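So the structure is just underneath, and the comments pick up after that.
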Amino acid sequence: MSATRVVVVGGGIIGLSIGWRCAQRGLTVTVHDSAGDDGAWYAAAGMLAPAGEAGFGQEALTGLLVESATRWPDFAAELERETGIAVGYDTVGTLSVALTADDLAEARRLWEYRREHGLGVSPLLPSAIREREPALSPRLRGGAHAPDDRQVDPRRVVAALRAALGPAIVRDRVTDLPASRPVVVAAGSGTAALTGLPVRPVKGLVLRLRGEPGLLRHVVSGWADGRHVYLVPRADGEVVVGATQEERVDATVTAGQVLDLLRAATDLVPDLGECELVETLVRHRPATPDNAPLLGAYGEGVVVAAGHHRNGVLLAPVTADLIAELVATGKSAPLLDAFAPGRFG
Ligand code: GLY
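In my numbering, the protein residues as written are 74 to 418.
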């Protein structure tokens, strides 16, 4: 395939990023966006933490995450330059923390995994952790600094991508694959209905708190009595608290799950209890049987870029670059080999 025009089905962070990169290559782009703010990106906290999200043993996926992390600085800078919209790219890194001895054992496995993949991680004594983040609980048993981790604000990224694409975005719901070719299907969980590929929705509940700016400086990713939680602070005092992961399709916000997230969050950072709870939000991550994305050609004139599960924001730059290259030149980068959409038979 080698094209001068392309239709992208899906206006989430993946579809928009692909559309943007295709437009930069000179293609005439149309992005069909049925979702408004329904996509997983709207809940996403925006952690860019390559070893924090891949499961153990997911080597190919971890490689892709690491590669995409290296592309984020240019992606963010270019998008900001082109649109004048700041996307909240922040380089302060993650503090990975553990409340109990068992939590620390769990955390150490992740730190080892990071090291195996060449990612920096420096274990810190509790006193040193609290020097960096005084709001953390004095009860912490240990932690580490991951200086290579970054964060971005996904809502700002999508606003910038929408601005960059402007009238190329069409608001409508696509129920059948358009007859025109080439088509990129980047429709999240909706990819299943359009292509028959196995993409399922995985429920995630995320909270947004608002307090004094500066309560937290780092992203905090921690374990508290066996519960994992991440806390992503923004410059304006917002703190994103995430996230549940459930094999469910409903969008109910249950009291028990809000309680679990807040308990873990306040066990790690007691002052979060003083913050205003401004948002409880459920969105569904698009996941595949091996929880790695589907990336590449799938039939005549159809390319799929879907199923990014917990990693849609982090994987947006590498997905956009490689899928735009595939559409524009017909060349499939070797990095895509492990993610062929047809791999499940
Ligand atoms: N990437 C974080 C999450 O999916 O909860």
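A virtual CB, placed ideally from N, CA and C, is assigned to each residue, including glycine. Keep in mind it's a predicted model, so treat the numbers as computed, not measured.
- So, using beta-carbon positions, are Val160 and Ala149 closer together than 7 Å? In the sequence shown, residue 160 corresponds to position 87, counting from 1. In the sequence shown, residue 149 corresponds to position 76, counting from 1. Yes, the pair counts as a contact, with Cβ atoms nearer than the cut-off.
- Item | Which of helix, strand or coil DSSP assigns to Arg78 | For the purposes of this step, residue 78 is taken as the residue at position 5 of the sequence shown. If DSSP states are grouped into helix, strand and coil, Arg78 belongs with the strands.
- Query: Considering only the beta carbon of each residue, do Val104 and Gly130 sit closer than 7 Å?
  - Reply: Here residue 104 refers to the residue found at position 31 of the sequence shown. Here residue 130 refers to the residue found at position 57 of the sequence shown. Against a cut-off of 7 Å, the Cβ pair of Gly130 and Val104 comes out as no contact.
- Comparing alpha-carbon positions, which option in Asp176, Ala208, His218 and Leu198 lies nearest Arg187? Against the sequence shown, residue 187 aligns to sequence position 114. Checking every option, the nearest Cα to that of Arg187 belongs to His218.
- Whole angstroms is fine: what's the gap from Arg338's alpha carbon to Ala76's? Locating residue 338 in the sequence shown gives position 265, where the first residue counts as 1. Locating residue 76 in the sequence shown gives position 3, where the first residue counts as 1. Reading off the sequence shown, one finds Ala at residue 338, where the question assumed Arg. In a straight line, the C-alpha of Ala338 is about 49 Å away from that of Ala76.
- Message: So the candidates are Gly418, Leu183 and Ala401; which of them puts its Cα closest to the Cα of Thr101?
- Response: Position 28 of the sequence shown, counted from the first residue, corresponds to residue 101. Selected option, being the one with the closest Cα: Ala401.
- Under three-state DSSP, which class holds Ile202? The residue given as residue 202 occupies position 129 in the sequence shown. Here Ile202 sits in helix by DSSP.
- From Val351 to Glu285, what does the alpha carbon distance come to, in whole angstroms? Here residue 351 is taken as the residue at index 278 of the sequence shown, counted from 1. Here residue 285 is taken as the residue at index 212 of the sequence shown, counted from 1. Cα to Cα, Val351 sits roughly 14 Å from Glu285.
- Item | DSSP-derived helix/strand/coil call for Pro306 | As a first step, residue 306 must be located in the sequence shown, where it is residue number 233. Strand.
- Rounded to a whole number of angstroms, what is the C-alpha to C-alpha distance between Ala208 and Arg307? As a first step, residue 208 must be located in the sequence shown, where it is residue number 135. As a first step, residue 307 must be located in the sequence shown, where it is residue number 234. In a straight line, the C-alpha of Ala208 is about 15 Å away from that of Arg307.
- Task: Pull up the distance between the alpha-carbon of Pro273 and that of Ser200, whole angstroms please.
- Result: Mapped onto the sequence shown, residue 273 falls at position 200. Mapped onto the sequence shown, residue 200 falls at position 127. Inspection of the sequence shows that residue 273 is occupied by Arg rather than by Pro. Answer to the nearest angstrom: the Cα atoms are 43 Å apart.
- For Arg212, the three-state DSSP class (helix, strand or coil): Sequence index remark: in the sequence shown, residue 212 carries index 139 (1-based). DSSP places Arg212 in coil when its eight states are reduced to three.
- Task: Can you tell me which of His357, Glu311 and Ile242 puts its alpha carbon nearest to the alpha carbon of Leu289?
- Result: Position 216 of the sequence shown holds residue 289. Minimum Cα distance to Leu289 is reached at Glu311.
- Task: Reducing DSSP to helix, strand and coil, say where Thr342 ends up.
- Result: As a working mapping, residue 342 is identified with position 269 in the sequence shown. As written in the sequence, residue 342 is Val, which differs from the Thr given in the question. If DSSP states are grouped into helix, strand and coil, Val342 belongs with coil.
- Item | Close Cβ partners of Ala133 (< 8 Å) along its chain, the five nearest in sequence each way excluded | What you label residue 133 is simply residue 60 of the sequence shown in a count that begins at 1. Here the set comprises Ala365, Ala411 and Phe412.
- Item | Proximity winner among Pro414, Ala252, Arg229 and Gly277, relative to Thr156 (alpha-carbon distances) | Here residue 156 refers to the residue found at position 83 when the sequence shown is read from its first residue. Selected option, being the one with the closest Cα: Arg229.
- Message: Rounded to the nearest angstrom, what separates Gly215 and Ala117 at their Cα positions?
- Response: For the purposes of this step, residue 215 is identified with residue 142 of the sequence shown, where counting begins at 1. For the purposes of this step, residue 117 is identified with residue 44 of the sequence shown, where counting begins at 1. Using only the alpha carbons, I get a separation of about 27 Å.
- Thr173: which of Arg300, Leu280, Arg144 and Glu204 sits nearest, CA to CA? Counted from its first residue, the sequence shown places residue 173 at position 100. If we check each option's Cα against that of Thr173, Arg300 comes out closest.
- Cα-Cα separation between Leu278 and Val256, rounded to whole angstroms: As a working mapping, residue 278 is identified with position 205 in the sequence shown. As a working mapping, residue 256 is identified with position 183 in the sequence shown. Going by the C-alpha atoms only, they are around 32 Å apart.
- Query: Heavy atom of the ligand GLY less than 6 Å from the Cβ of Arg383, yes or no?
  - Reply: Position 310 of the sequence shown, counted from the start, is the residue given in the question as residue 383. Indeed, a heavy atom of the ligand GLY lies less than 6 Å from the Cβ.
- Does the beta carbon of Ala401 fall short of 6 Å from some heavy atom of the ligand GLY? Position 328 of the sequence shown, counted from the first residue, corresponds to residue 401. No.
- Whole-angstrom distance between Pro414 and Val453, CA atom to CA atom: Here the chain has residues from 74 to 418 only, and residue 453 is not among them.
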